[in-house]
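K.L.:
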Amino acid sequence: MTKILITGSAGFVGFHLVNKLVKEGYEITGLDNINDYYDVNLKYGRLLEAGINKEDIEYNKAVPSTKYDNYNFIKLDLSDRDNVLNLFESKKFDYVVHLAAQAGVRYSLINPHAYIDSNVYGYLNILEGCRNHPVKHLIYASSSSVYGANKKIPFSEDDSVDNPVSLYAATKKSNELFAYTYAHLYKIPSTGLRFFTVYGTWGRPDMAYFSFTKAILEGNPIQIFNHGKMKRDFTYIDDITRALGLLITKPPVLADVSDFQGLTLPPARIFNIGNNTPVELFDFISELETAVGKEAVKEYLPMQPGDVTATYADLSKLEGEIGVMERTDIKNGISTFVNWFKDYYNYQ
Ligand code: NAD
């Protein structure tokens, strides 16, 4: 059976990917440190949904799923070098999808060390694991935030991304650089995916659409930065996992061309993964109001440090690899999310 490590499997994207890939017959190991950056009960809820009981979880011990024969979960911190390397040694993964990270732009102004521990040091341990026990393909999560205040739209992978405006973005950019180096030195084929604002069921409570839904349902005010004039390329979770599923078994190959130093180009590549349709935050909120059936109480605030005004993914490179990316309409995506939210949190 083909063995895949999915890090961040108690997180939003990781949870959805585990649920998709177990059904496709892969042998999946999920890894997460279940940190408390946001509500841990939601993380345990996601784990339970995939057959992992909270009571059975112990640090650095693989727990089999009670729902899927081909899934086990291990609670482990990526910065725990010895245990991460031991895991690679014992499992000999075919593929790695590395989604665990300290996410969030604004929190990187509050707790910068968390970003270095997980996104730099933890990421290095993943690369070292892949180096010691070569995998066929490492896919890792980068972010649209690497584009910073890029004004050229849509954002293309060929645009310069040397001006990260938050530490979060800087760590994601460093991930791309490290992947290139490891592909060059050790021929580890890698694909970095620049995610553009992912939303959907079992989503992240730290993201605006999630907290806005709760506030609208409860009649509390929502705080709208930059007067709602920010544009985001909101991407529905199922579109992301579908594309990830198609990419896993399509690693880049060592390019048959030389760069300016006369070296063969390494098998490292980067793709945008988004919706290619930016939506104004204000319009996104209107859709939320329609789906909830209530008007939001709005408070307008200025731009926040580290934020960017617009994101917009050019998908031509990704689509050159996997074909046309299926895109869920924002109305359908929001209404599916709101229905899940009301059901999960018992709103009438
Ligand atoms: P998430 O926070 O829900 O999931 C990340 C998971 O990683 C969490 O469950 C967390 O506990 C775990 N984790 C963090 N540090 C860890 C460590 N040191 N060791 C082990 N586990 C650790 O985030 P998500 O939305 O699922 O994002 C997945 C990936 O995509 C992340 O790398 C994120 O930076 C990136 N990304 C997400 C979005 C988005 O809109 N959701 C946008 C751009 C990039």
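Here the UniProt record's numbering is used: the first residue of the sequence shown is 1, the next is one more, and so on.
By construction, the Cβ of each residue, glycine as well, lies at the ideal position given by its N, Cα and C atoms.
Which value, in whole angstroms, describes the spacing of the CA atoms of Leu78 and Glu295?
P.N.:
Going from the Cα of Leu78 to the Cα of Glu295 covers about 42 Å.
K.L.:
Examine the Cβ distances between the stretch 127–146 and the stretch 110–117 and report whether three or more of them are shorter than 8 Å.
P.N.:
Result no; under three Cβ-Cβ pairs closer than 8 Å.
K.L.:
By how many angstroms is the C-alpha of Thr235 removed from the C-alpha of Leu193?
P.N.:
Rounded to the nearest angstrom, the two C-alpha atoms are 13 Å apart.
K.L.:
Gly333 to Thr277, Cα distance in whole Å?
P.N.:
If I take the Cα positions, the gap works out to 14 Å.
K.L.:
Alpha helix (DSSP H) containing Tyr68: first to last residue?
P.N.:
From DSSP, Tyr68 is part of no alpha helix (DSSP H); its letter is neither H nor E.
K.L.:
For the beta strand (DSSP E) containing Arg81, list its first residue and its last residue.
P.N.:
Run containing Arg81: none in the beta strand (DSSP E); it sits in the alpha helix (DSSP H), Arg81 to Lys91.
K.L.:
Looking at Lys20 and Gly245, is the spacing between their C-beta atoms short of 8 Å?
P.N.:
Contact: yes.
K.L.:
Tell me, please, whether the stretch 298–308 touches the stretch 257–273 by the rule of three or more beta-carbon pairs shorter than 8 Å.
P.N.:
Short answer: they don't touch.
K.L.:
Would you kindly work out how many angstroms separate the C-alpha atoms of Glu128 and Leu85, rounded to a whole number?
P.N.:
Their backbone Cα atoms lie some 7 Å apart in a straight line.
K.L.:
Can you tell me which residues form a DSSP beta bridge with Thr191?
P.N.:
The partner list for Thr191 (beta bridge, DSSP) reads Ile139 and Arg269.
K.L.:
Measuring straight from C-alpha to C-alpha, what distance separates Tyr95 and Leu124?
P.N.:
Near 16 Å, if we compare the C-alpha coordinates of Leu124 and Tyr95.
K.L.:
What span of residues does the alpha helix (DSSP H) with Ile4 cover, start to end?
P.N.:
Note, Ile4: premise wrong, no alpha helix (DSSP H); beta strand (DSSP E) at Lys3 to Thr7.
K.L.:
Pairs of beta-carbons, one from the stretch 40–47 and one from the stretch 10–20, closer than 8 Å: are there three or more?
P.N.:
Touching, per the Cβ criterion.
K.L.:
Consider the C-beta atom of Ala243 and the heavy atoms of the ligand NAD; say whether any pair is separated by less than 7 Å.
P.N.:
False, no ligand heavy atom lies under 7 Å from that Cβ.
K.L.:
For Gly122, count neighbouring Cβ atoms within 10 angstroms of its own Cβ and tell me buried if that reaches 16, exposed if not.
P.N.:
Buried, because 16 or more other Cβ atoms sit within 10 Å of the Cβ of Gly122.
K.L.:
What span of residues does the beta strand (DSSP E) with Ile222 cover, start to end?
P.N.:
Start and end: Pro221 to Phe225.
K.L.:
Can we count Ala310 as close to the ligand NAD, meaning its CB is less than 7 Å from some heavy atom?
P.N.:
Answer for Ala310: no, Cβ out of range of the ligand NAD.
K.L.:
Pick from Glu287, Ala291, Ile285 and Val279: whose alpha carbon is nearest that of Thr311?
P.N.:
The shortest C-alpha separation from Thr311 is found at Val279.
K.L.:
If I'm right that Lys91 touches Leu217 with Cβ under 8 Å, what's the distance once you round it to whole angstroms?
P.N.:
Rounded, the Cβ-Cβ distance is 43 Å, inconsistent with contact.
K.L.:
If Asn60 and Asn83 are in contact, beta carbons under 8 Å, what's the gap, nearest whole angstrom?
P.N.:
Their Cβ separation, rounded to whole angstroms, is 5 Å, which keeps Asn60 and Asn83 in contact under 8 Å.
K.L.:
Any heavy atom of the ligand NAD closer than 7 Å to the CB of Lys54?
P.N.:
The answer is no for Lys54.
K.L.:
Can you tell me whether DSSP reads Ala215 as helix, strand or coil?
P.N.:
Note: Ala215 maps to helix in three-state DSSP.
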